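Below: the structure, in structure tokens.
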Amino acid sequence: MDNRTVNIEEIMQGIRQDIKDKGLNADMLSFEDVPYRKAEDAVAGSAMDAEELRNAMVYLNAHYNVQPYKPLTGNPVAVFVKKVIRKLVKFYIEPIAADQNQFNANVVRVLNAQTQAEHPETAELMKRLEVLELNQKNLSLRLAALQQENAALRSRLGKQG
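Mapped onto my numbering, the consecutive letters of the sequence shown carry residue numbers 1 to 161.
Given below as structure tokens:
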């Protein structure tokens, strides 16, 4: 054991002096003031804002399909043994994964329908946005064609003059 003793009061005095030198005060944020969501809060059904809901729906739509197996890596002997075990349990694992995928797909469809039912204006706005984007693309193509035609006419006019 070390014969040195720790002087806590001396350490605290040094910390207080650092705080004073940096101009920090008690009115500033503490860790308790920083908002965060625990995993339990997310599951408990706390209210989501529109952006969180949109992000969750994008994630669900992209990741509802689960794979029954993970890629095999490592020692070739271990990989071979794992492949043999996979072959032996395939009849049991793959139907479970297929059922889970079917359930996940149905849940995502219901959530999409529920989201659209709660926010019908969003679906209408998305349709309008699609039409406007198509019109904008068509107008851009027409503008490019007219600019080419204009350039060709100017070059002919320059040759005649």
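Quick reminder that beta carbons are idealized off the backbone N, C-alpha and C, glycines included.
Fair warning: this is a prediction, and the values are worked out from it, not measured in the lab.
Through-space distance from residue j to residue i, alpha-carbon basis
i: Ile93; j: Gln67; result: 10 Å
i: Pro76; j: Gly14; result: 58 Å
i: Asn101; j: Asn138; result: 40 Å
i: Leu132; j: Asn106; result: 31 Å
i: Ala123; j: Ala117; result: 9 Å
i: Leu125; j: Arg54; result: 15 Å
i: Thr115; j: Asp99; result: 24 Å
i: Thr73; j: Pro95; result: 24 Å
i: Val110; j: Phe80; result: 41 Å
i: Lys87; j: Met57; result: 35 Å
i: Glu149; j: Gln136; result: 20 Å
i: Arg128; j: Leu141; result: 20 Å
i: Ala52; j: Lys20; result: What sits at residue 52 in the sequence shown is Glu, not Ala. In a straight line, the C-alpha of Glu52 is about 40 Å away from that of Lys20.
Own chain residues within Cβ distance below 6 Å of residue i, not counting five before or after
i: Asn104; result: Tyr64
i: Leu143; result: none
Top-ranked residue by Cα proximity to residue i, from the options
i: Asn112; options: Ile11, Lys22, Leu60; result: Leu60
i: Ala97; options: Gln17, Lys70, Phe80; result: Lys70
i: Ala50; options: Asp18, His119, Phe91; result: His119
i: Val108; options: Gln147, Ala78, Leu157, Ala62; result: Ala62
Own chain partners of residue i with C-beta closer than 8 Å, once the 5 adjacent residues on each side are dropped
i: Arg16; result: none
i: Val84; result: none
Close-in-space but distant-in-sequence residues of the same chain around residue i (CB under 7 Å, 5 per side omitted)
i: Met1; result: Its pLDDT being 47, under 50, Met1 is placed unreliably by the model, and the measurement read from it follows with that caveat. Excluding residues within five positions, none has a Cβ falling inside 7 Å.
i: Val6; result: none
Entirely enclosed alpha helix (DSSP H) segments - the region 70-106, minimum 4 residues: List check, alpha helix (DSSP H) in window: nothing returned.
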